[in-house]
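Right, one structure below, let's go through it.
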Amino acid sequence: MSARMSAVTNSAVTQAKLWYWQRISAMVLALCVLVHLGVMIYAVRGGLSAAEILGRTRGSITFGAFYTVFVLACAVHVPIGFARICEEWFGLTGLRAAIVAKLLGLIILVMGLRAVYGVVL
Amino acid sequence: MKRVNDFRARNHPSWWAFLVHRVSGLLLALFLPVHFWALGQALHGEAAFEGFLRYTDAPLFKFGEWGLVVLLSLHMMGGVRLLLIEFGPWSGQRKNWIAAAVGFGIAAGLAFALALVS
Amino acid sequence: MSATLKVKVWRGKQSGEFVGYEVPRLGSQTVLDVVTHIQRHLDPSLSYRFACRVGMCGSCAMTVNGVARWTCRTHVAKVVQGDALEIAPLSNLPVIKDLATDMREFFDKWAGAKGQFKGKTTRHDEFAQVKPESRERAAANAGIECIGCGVCYASCDVVTWRPDFLGPAALNRAWTLANDVRDTAQRERLKAVAGDVGCHACHTQGSCSERCPKEIEPTAGIAGLKRLTARAAVRGELE
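So the protein sequences, as listed, match chains A, B and C. Under our numbering, the first residue of the first sequence carries the number 22, and numbering increases by one thereafter. Under our numbering, the first residue of the second sequence carries the number 1303, and numbering increases by one thereafter. Under our numbering, the first residue of the third sequence carries the number 35, and numbering increases by one thereafter.
Dropping the structure here:
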């Protein structure tokens, strides 16, 4: 059963699709990260305070939309690379690595969207 | 039965670029849920969030923030290098981009450090 | 420059160890000269491979001070550390004895990547007309000088981490054929080189391109295969 399951996770089409989804999300993230780094360097001046942060983010559609896209791109991008590391460095088989990675992706998605909700709404 | 390579076979720029990209990605991946949990504290209201933020004033925390900025910068620029290698017209291992990645990481680290102390 | 070299050579089969030899140091000496001296004058039981001695056949590839090289084209002066040399068989391949490795899996993977040309014309048909400066032909030409020496395969960590990985040489060969407009096996080939046994396992570590004695860059070909297989997957041609 695990051989067949590995065949499913390792199939040519699956791997090709994972490859381009990771590259597409990477391109989105490159832009998001550039903006985020700029915002962080600006925001951290004079120390962090809840009033300052929430003053910028609360009720802001721009912030909400931007960081939602950011979270979605992370949820796609992180598990694909993480699964590889699990297989090659942590000794997990194809199926177990895929499950662990998908779990991480779900955590990132749920907690990320929750955080966006928390600071925007 | 099979011999494996050691660091001597790996001692070239493209391999180091791979290692930095993978390790920075791994650390960032593990950090993200923590980051989202921290921001999620805002759900408990501004006062609770403010209370939580005061924990982040500790110097060790600030050093961690700085480290993450550097890791993120390196991972991003290393990633752009890979996108160029995979999608751009072929022009070798793009070792100039390895230099650009390190340079950008240093610059971002400096900018963040300056912002931290201002 | 000292008068002798202190050379450690891997001896053994399944298990083994490095054995030390002292070899007279000469000007313009290659690592193959050193190995040959040991076998002819010091220890006739040493097993190793070579053929042309002039950098054409790729038979003499070994691990020298941790790096895969052609020993006939590696001057001692370039790699010696003080007066010490360490010579071992290529990594990632089963060791038959001492410095000779079993290359079967290397060539089996070549076949596994559909690394053979398949055409549809015969001697009775007209010649194929291929413009040498066309993009595909230029890409193919960049990779066709491969002589199957195994240095790239021995240098790749993904080959170490994933025993089924086809490896840089096989994938490079597949890339040259993917760019051969006369070839008719494109669809099976893309299927063969996709997935974790193929191009998608490559992490662009670049050791293959860094070490290839013919300055071929399998990294380029593998990146190209990633693009081709992605396009095929989107078009439903990868099933």
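For every residue, glycine included, the Cβ atom is placed at its ideal position computed from N, Cα and C. Just so you know, these numbers come straight off a predicted model, no measurement behind them.
- Message: Here's a check: name, in chain order, each residue in its chain whose Cβ is nearer than 8 Å to the Cβ of THR38 (chain C), leaving out the five neighbours to either side.
- Response: GLU56, VAL57, PRO58, ARG59 and ASP117
- Item | Backbone CA spacing between ASP217 (chain C) and SER1316 (chain B) [nearest angstrom] | In this structure, the CA atom of ASP217 (chain C) is about 33 Å from the CA atom of SER1316 (chain B).
- Three-state secondary structure (DSSP) of LYS248 (chain C): coil
- Task: With 8 Å as the threshold, decide whether the Cβ of MET26 (chain A) is near any Cβ in chain B.
- Result: In this prediction, MET26 (chain A) has a pLDDT of 48, which is less than 50 and means its spatial position is unreliable; nothing more can be read from the coordinates.
- Taking only beta-carbon atoms, is GLY1342 (chain B) less than 8 Å away from chain A? yes
- Message: Against chain B, with Cβ distances strictly below 8 Å, would LYS248 (chain C) count as a contact?
- Response: Chain B has no Cβ within less than 8 Å of the Cβ of LYS248 (chain C).
- Task: Round the Cβ separation of VAL65 (chain C) and TYR82 (chain C) to the nearest angstrom and send it over; I've been treating them as touching at under 8 Å.
- Result: At roughly 11 Å, the Cβ-Cβ gap does not stay under 8 Å, so VAL65 (chain C) and TYR82 (chain C) are not in contact.
- Using 8 Å as the limit for Cβ to Cβ distance, is LEU39 (chain A) near chain B? No, its Cβ sits nowhere closer than 8 Å to a Cβ of chain B.
- Message: Within 8 Å, do at least three Cβ pairs link the stretch 1358-1374 of chain B to the stretch 1323-1334 of chain B?
- Response: yes
- Three-state class that DSSP yields for VAL98 (chain C) in the structure shown: strand
- Report yes if the C-beta distance between ALA94 (chain A) and GLY126 (chain A) is below 8 Å; otherwise report no. no
- Go through its chain and collect everything with a Cβ distance to THR194 (chain C)'s Cβ below 6 Å, but skip five positions before and after it. ASN126
- So, is the C-beta of PRO78 (chain C) closer than 8 Å to a C-beta in chain B? no
- Below-8 Å beta-carbon distance, MET22 (chain A) vs any chain C residue: In this prediction, MET22 (chain A) has a pLDDT of 44, which is less than 50 and means its spatial position is unreliable; what the coordinates show is noted afterwards. With 8 Å as the cut-off, MET22 (chain A) does not count as an interface residue toward chain C.
- Item | PRO1361 (chain B) in three-state terms, based on DSSP | helix
- Any idea which residues DSSP pairs ILE129 (chain A) with across the strands? The partner list for ILE129 (chain A) (beta bridge, DSSP) is empty, contrary to what the question assumes.
- Message: DSSP three-state label for GLU56 (chain C), please.
- Response: strand
- Using the rule of at least 16 other Cβ atoms within 10 Å of the residue's Cβ for burial, across every protein chain shown, is TRP104 (chain C) buried or exposed? buried
- Query: What's the gap between the Cα of LYS123 (chain A) and the Cα of CYS107 (chain A)?
  - Reply: 12 Å
- Taking any Cβ of chain E, which residues in the stretch 86-113 of chain C have a Cβ under 9 Å from it, in chain order? Going by chain labels, chain E is absent from the structure shown, which instead holds the protein chains A, B and C.
- Alpha carbon to alpha carbon, how far is ASP142 (chain C) from ALA235 (chain C)? 18 Å
- Residues in the stretch 121-147 of chain C having any Cβ partner in chain B nearer than 7 Å: ALA122, PRO123, SER125, ASN126, LEU127, PRO128 and VAL129
- Task: In the DSSP assignment, find the alpha helix (DSSP H) that holds VAL60 (chain A) and state where it starts and stops.
- Result: 33-64
- Kindly list, in the order they appear in chain C, the residues whose Cβ is closer than 8 Å to that of HIS1314 (chain B). GLY240, SER241 and GLU244
- Message: Just list the residues that DSSP pairs GLN1395 (chain B) with in beta bridges.
- Response: Note: GLN1395 (chain B) sits in a beta bridge opposite B:SER1393.
- Message: Per DSSP, what are the beta-bridge partners of ILE72 (chain C) in this structure?
- Response: In DSSP, ILE72 (chain C) forms no bridge with anything.
- Query: Any idea which residues DSSP pairs VAL43 (chain C) with across the strands?
  - Reply: C:VAL53 and C:ILE121
- Item | Between the CA atoms of THR114 (chain A) and MET26 (chain A) - distance to the nearest angstrom | The predicted position of MET26 (chain A) is uncertain, since its pLDDT is 48 and thus under 50; a value taken from the coordinates is nonetheless stated next. If you take the alpha carbons of MET26 (chain A) and THR114 (chain A), they lie about 10 Å apart.
- If you run the structure through DSSP and keep just helix, strand and coil, what is ALA228 (chain C)? Residue state, collapsed to three classes: coil.
- Item | Option nearest LYS165 (chain C) by Cα separation, candidates C:ALA264, C:ASP214 and C:GLU139 | C:ASP214
- Task: Would you verify that the beta carbon of TRP195 (chain C) is, or is not, closer than 8 Å to some beta carbon of chain A?
- Result: yes
- Message: Given a cut-off of 8 Å on the beta-carbon distance, is the pair VAL34 (chain A) and LEU272 (chain C) in contact?
- Response: Taking 8 Å as the Cβ cut-off, VAL34 (chain A) and LEU272 (chain C) qualify as a contacting pair.
- Message: Can you confirm whether the stretch 161-179 of chain C touches the stretch 122-139 of chain C when touching is taken to mean that 3 or more C-beta pairs between the two stretches lie within less than 8 Å?
- Response: no
- Contacts of GLY102 (chain A) in chain B (Cβ-Cβ under 7 Å): GLY1327
- Message: Between LEU200 (chain C) and chain A, is the shortest Cβ-Cβ distance under 8 Å, so that the two count as touching?
- Response: Answer no: the Cβ-Cβ gap between LEU200 (chain C) and chain A never drops below 8 Å.
- Item | Member of C:SER93, C:CYS91, C:ARG87 and C:ILE250 whose CA lies at the smallest distance from the CA of HIS109 (chain C) | C:ARG87
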